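For the sequence shown, the numbering used here gives the first residue as 1, with consecutive numbering after it. Glycine is no exception: its CB is placed at the ideal position from the N, C-alpha and C atoms. Note that the coordinates shown come from a computational prediction; the quantities given were computed from them, not determined experimentally.
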Amino acid sequence: MESIQIRSIHSREELLEVYRLLDGCFPVGQAYFQSRLDHDTAYSMETTWVAVVDGVIASTVQLFPYPFRVGSAELLAGGIGSVGTLEAYRGRGLSSRILEALTRWMERSGYDLSVLFAVIHPFYEKAGWTIVPEPKWKLDVQRLPVDAPAPEDCTVQAIRPEDHLPELGAVYDAFNRERTLTRIRPPAYWRDMLHWQASQGGAWSAAFRSGRMIAYGRLDKERNGISQLAELCYLPGEAGAALPVLYHLAGQLPAVRLIEAKLPGDHVLLPYLREWGAQEEEFRYAMWKLISLPSIGRKLQPLLEKRLEGHSVPSFDLTIRCDGQALGLSYRKCRLYLSDNPPGADACSVNLGQAELVAMLLQGYRPEMQMEGEFRMGGCEESTVRRLLAALFPEQPFVYSPFDKF
1 MESIQIRSIH SREELLEVYR LLDGCFPVGQ AYFQSRLDHD TAYSMETTWV
51 AVVDGVIAST VQLFPYPFRV GSAELLAGGI GSVGTLEAYR GRGLSSRILE
101 ALTRWMERSG YDLSVLFAVI HPFYEKAGWT IVPEPKWKLD VQRLPVDAPA
151 PEDCTVQAIR PEDHLPELGA VYDAFNRERT LTRIRPPAYW RDMLHWQASQ
201 GGAWSAAFRS GRMIAYGRLD KERNGISQLA ELCYLPGEAG AALPVLYHLA
251 GQLPAVRLIE AKLPGDHVLL PYLREWGAQE EEFRYAMWKL ISLPSIGRKL
301 QPLLEKRLEG HSVPSFDLTI RCDGQALGLS YRKCRLYLSD NPPGADACSV
351 NLGQAELVAM LLQGYRPEMQ MEGEFRMGGC EESTVRRLLA ALFPEQPFVY
401 SPFDKF
């Protein structure tokens, strides 16, 4: 009888076997996957999962921990990537079984959400992931201004990122302070990231004033005339350096005809993109899965309580439900109390789909969001619940940097 094990790997030898499996599944080759993990000082074998069929590693899924900000709070997402199966074992549901087991492992290991990026959605939708659209911009490089002079006493130049790691980290952290969805990057992560991206090309530019870095940007390697603006960050009060940095980046890659960018809603470049006729599109590659709503509630509790301080909110009991999970919220005397067990039968209850819940957490509540509710409490109408959700989850600038791709 056939033996199938679903588990994490146990040894370096098994990891090398995983690399060889992926080499046969993807045109980028073994070196791409090996560089990513071998240069990750935080890597743990418990994040590489496999299906072992009669002693053969037949399928694999890699989990990439993604700690990120939601305002002043921090959540942990499990990034899913490197999903591959040997040709002889395809069509047997091995990847699906790994994803199911990995979801249970994330539940036990303190993860809140899971995210992946996919072109083919139905497979992952069956496994529980849901598309959450984001805005994306496409700019014809010919529409850039002929010149974009740097601010006074400021110079813009190409840089070698490995020579400026502390400065890059300082600008990144200052720009993304309390910016939702941005990855928390300790110094070791910066060093590792530059190692595994060293072979991918692209261009870096930075603006300096009196020897101090005030802004930086990166364009990914040009492919078929297209390049992605991986990120463009600037210090508070130095937004004027962003446009010269973008202009300098474009000059470094003259073959680029189209720049694609995902930018937070408060980025200084957005008015320029609109002025230059850039196209705004829906980015529909990001797929999310709820792992633990109670865990999210516990980590966000101080932030949610602080958000309510700015509103004249009376006492309330509210249960948020999603995908079989529930989070109870009780607000009394300016204090917010959370419970894994919903409040009593008289409490308001609202049911959200995964896409609506994740969008509300990361982007903010929007009136057009669909929700199903049970409005039994006196005075607890749908409009009341919507006002509470708007106060708890206001619209906020958010961005996922392609620089953190997995």
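What residue does the alpha helix (DSSP H) around residue i start on, and which one ends it?
i	result
Tyr-66	No alpha helix (DSSP H) contains Tyr-66, which is instead part of the beta strand (DSSP E) from 56-70.
Gln-34	30-38
Phe-208	No alpha helix (DSSP H) contains Phe-208, which is instead part of the beta strand (DSSP E) from 203-209.
Ser-383	382-392
Met-360	354-362
Lys-299	293-309
Pro-135	Counting along the chain, Pro-135 falls outside any alpha helix (DSSP H), though it belongs to the beta strand (DSSP E) covering 134-140.
Ordered along the chain, which non-local residues of its own chain (more than five positions away) have a Cβ less than 7 Å from that of residue i?
i	result
Tyr-331	Leu-308, Val-313, Ser-315 and Phe-316
Asp-192	His-39, Asp-40 and Thr-41
Arg-387	none
Asn-341	Gly-328
Leu-94	Ala-51, Ala-58, Ser-59 and Thr-85
Among the residues of its own chain, which have a CB less than 8 Å from the CB of residue i, if the five just before and after it don't count?
i	result
Arg-298	Leu-338
Pro-187	Leu-165, Pro-166 and Gly-169
Glu-17	Ile-57
Which one of the options has the shortest CA to CA distance from residue i?
i	options	result
Leu-229	Gly-240, Ala-239, Thr-155 and Tyr-247	Tyr-247
Leu-37	Trp-190, Met-369, Ile-214 and Gln-62	Gln-62
Leu-15	Ser-295, Ile-296 and Ser-59	Ser-59
Ala-118	Asp-140, Arg-143 and Gly-81	Gly-81
Pro-145	Asp-173, Gly-217 and Gly-251	Gly-251
Ser-109	Gly-328, Glu-46 and Gln-200	Glu-46
Thr-182	Lys-126, Cys-233, Gly-277 and Arg-386	Cys-233
Asp-54	Ile-214, Ala-203, Ser-3 and Leu-362	Ser-3
Arg-223	Met-360, Gly-201, Ser-210 and Cys-334	Gly-201
Gly-71	Thr-180, Glu-382, Ala-286 and Val-385	Thr-180
Taking the alpha-carbon positions, what's the residue i to residue j distance?
i	j	result
Leu-22	Leu-392	43 Å
Phe-375	Ser-349	Bear in mind that the predicted position of Phe-375 carries a pLDDT of just 48, short of 50, making it unreliable; the figure below should be weighed with that in mind. C-alpha separation (whole angstroms): 7 Å.
Trp-288	Pro-135	16 Å
Glu-395	Pro-271	19 Å
Ala-73	Leu-303	7 Å
His-10	Thr-130	31 Å
Asp-220	Gly-237	26 Å
Ile-184	Val-171	13 Å
Lys-262	Pro-402	8 Å
I'd like the list of long-range same chain contacts for residue i, defined as Cβ closer than 6 Å, with 5 residues on each side in sequence excluded.
i	result
Leu-389	Tyr-365
Gly-265	Pro-397
Ala-148	Leu-243, Pro-244 and Tyr-247
Asp-112	Leu-75, Leu-76, Ile-291, Ser-292, Ser-295 and Ile-296
Ile-226	Leu-258
Glu-305	Leu-336
Glu-281	Lys-136
For the beta strand (DSSP E) that contains residue i, what are its first and last residues?
i	result
Arg-321	316-322
Quick check: the segment 242-259 against the segment 81-101, are at least 3 beta-carbon pairs closer than 8 Å? Output reads no: the segment 242-259 does not touch the segment 81-101.
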